[in-house]
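Engineer:
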Amino acid sequence: TLSRYTHDNDPDVAVNAIFAMGLLGAGTNNARLAQLLRQLASYYHRDPNALFMVRIAQGLLHMGKGTLSLSPFHTDRSVLSRVSAAGLLTTLVSLIDAKSFVLGDSHYLLYFLVTAISPRFLITLDEDLKPLQVNVRVGQAVDVVGQAGRPKTITGWQTQSTPVLLSYGERAELEDEEYIPVTNVMEGLVILKKNPEWEGAQA
Numbered sequence: 141t142l143s144r145y146t147h148d149n150d151p152d153v154a155v156n157a158i159f160a161m162g163l164l165g166a167g168t169n170n171a172r173l174a175q176l177l178r179q180l181a182s183y184y185h186r187d188p189n190a191l192f193m194v195r196i197a198q199g200l201l202h203m204g205k206g207t208l209s210l211s212p213f214h215t216d217r218s219v220l221s222r223v224s225a226a227g228l229l230t231t232l233v234s235l236i237d238a239k240s241f242v243l244g245d246s247h248y249l250l251y252f253l254v255t256a257i258s259p260r261f262l263i264t265l266d267e268d269l270k271p272l273q274v275n276v277r278v279g280q281a282v283d284v285v286g287q288a289g290r291p292k293t294i295t296g297w298q299t300q301s302t303p304v305l306l307s308y309g310e311r312a313e314l315e316d317e318e319y320i321p322v323t324n325v326m327e328g329l330v331i332l333k334k335n336p337e338w339e340g341a342q343a
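The numbering used here puts the first residue of the sequence shown at 141, with every later residue one more than the last.
1. For His202, count neighbouring Cβ atoms within 10 angstroms of its own Cβ and tell me buried if that reaches 16, exposed if not.
2. Any idea if Thr264 is buried or exposed, counting beta-carbon neighbours within 10 angstroms, 16 or more meaning buried?
3. Tell me where the beta strand (DSSP E) around Arg311 begins and ends.
4. Identify whether Val322 lies in helix, strand or coil by the three-state DSSP scheme.
5. I'd like the list of long-range same chain contacts for Phe261, defined as Cβ closer than 6 Å, with 5 residues on each side in sequence excluded.
6. With H, G and I counted as helix, E and B as strand and the rest as coil, what does DSSP make of Ser301?
7. Quick one: Cα of Thr231 to Cα of Glu317, how far?
8. Taking just the CA atoms, how far does Val223 sit from Tyr251?
9. Could you pull the start and end residues of the beta strand (DSSP E) that Ser209 belongs to?
10. Check whether the region 152 to 169 and the region 235 to 255 are in contact - that is, three or more C-beta pairs closer than 8 Å.
11. When DSSP labels each residue in this structure, what does Ala181 get in the three-state scheme?
12. Per DSSP, what kind of secondary structure is Lys239 in: helix, strand or coil?
13. Apart from the five residues on each side of it in sequence, which residues of its chain come closer than 8 Å, Cβ to Cβ, to Thr323?
14. What is the rounded straight-line gap between the Cα of Thr360 and the Cα of Pro336?
15. Suppose contacts are defined by Cβ-Cβ distances below 8 Å. Is Gln273 in contact with Ile294 by that definition?
16. Within the region 247 to 275, note down every full beta strand (DSSP E) run reaching 3 residues or more, in order along the chain.
17. What residues match up with Lys334 in a beta bridge as DSSP calls it?
18. Am I right that Leu163 and Leu200 are in contact with their C-beta atoms under 8 Å? What's the rounded C-beta distance?
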C-alpha cells in the first residue's frame, strides 16, 4: 500500500510515503525495498523534491551498511528513550508540511533522526577493550517477565560467532559460561570477563 501511495497525485502524500518506506526499512538492506526505491528514483528524476526524499529513504534503508537501525527503545526493547522518541517525532511532525520544512530551508530537521539511531550488531570485547570472538546463540526473543526460575529467553536459535547482526525481535545469549558479560543485555558493544569458576578447558 505504501508503494501505491508513492505515486499519488498529491506530492505531500507521495513524499511522506517515500520517507515512510525508508523509515520502515531503516538499516535492513531489504532487497525488495531497495528495488522499489531505485524504480522511484527513475520515476521522479524530473521532480527534485521527490528525488531528494527517495535519496533520504535509500540512505535510511542502507544505514550504516546494515549495522544500524532506528528505534526509540533500548535495553532489549524494554526502555523507551524520551530523547529518541522526541527526535523521531520532530522529524515526522515536520513532514506534515514537507514543502515548508524538510523540502524547504529546514532540511536540517532530518538530523533529529540521529537521536534514535541504535546498533543492530553485537560485538564482544575483553576487559582490555580488544575484540573477543565467542560463540553466541541467536534466536527469537521470548518474553520471560514474571516467570519463575530460569526460563529460556530465546527460541529457534542458531549458534554464531561474534560479531553478529541481530534482526528485529532477536536476542543473543552466550553459548557457555567461559565468559561473564558485565551487562545483562546482549546488544551493541558488550564487555566480557573471564569466569574464574569455569572448568570447560580442563574437562
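For glycine and all other residues, C-beta sits at the position ideal for the given N, C-alpha and C. Being a predicted model, the structure only gives us computed values, none of them experimental.
Structural biologist: Looking at the coordinates:
1. Residue numbering aside, residue 202 sits at position 62 when the sequence shown is read from its first letter. Using a 10 angstroms sphere on the CB of His202, the tally of other CB atoms reaches 16 or more, which defines it as buried.
2. Locating residue 264 in the sequence shown gives position 124, counting from the first residue. Label assigned to Thr264: buried.
3. By 1-based counting over the sequence shown, the position of residue 311 is 171. Counting along the chain, the unbroken beta strand (DSSP E) around Arg311 starts and ends at Glu310 to Leu314.
4. For this step, residue 322 is matched to residue 182 along the sequence shown. For Val322, the secondary structure class from DSSP, reduced to helix, strand or coil, is coil.
5. On the sequence shown, residue 261 is found 121 positions in, with the first residue counted as 1. Closer than 6 Å at Cβ, skipping near neighbours: Thr207, Pro303 and Leu305.
6. For the purposes of this step, residue 301 is taken as residue 161 along the sequence shown, with counting starting at 1. For Ser301, the three-state secondary structure derived from DSSP is strand.
7. Working through the sequence shown from its first residue, we reach residue 231 at position 91. Working through the sequence shown from its first residue, we reach residue 317 at position 177. About 44 Å.
8. Taking the first residue of the sequence shown as 1, we reach residue 251 at position 111. Taking the first residue of the sequence shown as 1, we reach residue 223 at position 83. Those two C-alpha atoms are separated by around 13 Å.
9. Counting from 1 along the sequence shown, the entry for residue 209 is found at position 69. Under the DSSP assignment, Ser209 falls in the beta strand (DSSP E) whose first and last residues are Leu208 to Leu210.
10. Contact between the region 152 to 169 and the region 235 to 255 is present, because at least three Cβ pairs lie under 8 Å.
11. Working through the sequence shown from its first residue, we reach residue 181 at position 41. Residue state, collapsed to three classes: helix.
12. Numbered from its first residue, the sequence shown carries residue 239 at position 99. Here Lys239 sits in coil by DSSP.
13. Working through the sequence shown from its first residue, we reach residue 323 at position 183. Non-local beta-carbon contacts of Thr323 in its own chain, meaning distances under 8 Å to residues more than five positions away in sequence, involve Val330 and Ile331 in chain order.
14. Lying before the first or after the last residue shown, residue 360 is absent from the chain, which here runs from 141 to 343.
15. By one-based count along the sequence shown, residue 273 stands at place 133. By one-based count along the sequence shown, residue 294 stands at place 154. Judged by their CB atoms, Gln273 and Ile294 are not nearer to each other than the 8 Å cut-off.
16. The region 247 to 275 contains these whole beta strand (DSSP E) runs: 257 to 259 and 261 to 265.
17. Position 194 of the sequence shown holds residue 334. DSSP lists Tyr319 as the bridge partner or partners of Lys334.
18. The count along the sequence shown starts at 1 and reaches residue 163 at position 23. The count along the sequence shown starts at 1 and reaches residue 200 at position 60. So it is a contact: roughly 6 Å between Cβ atoms.
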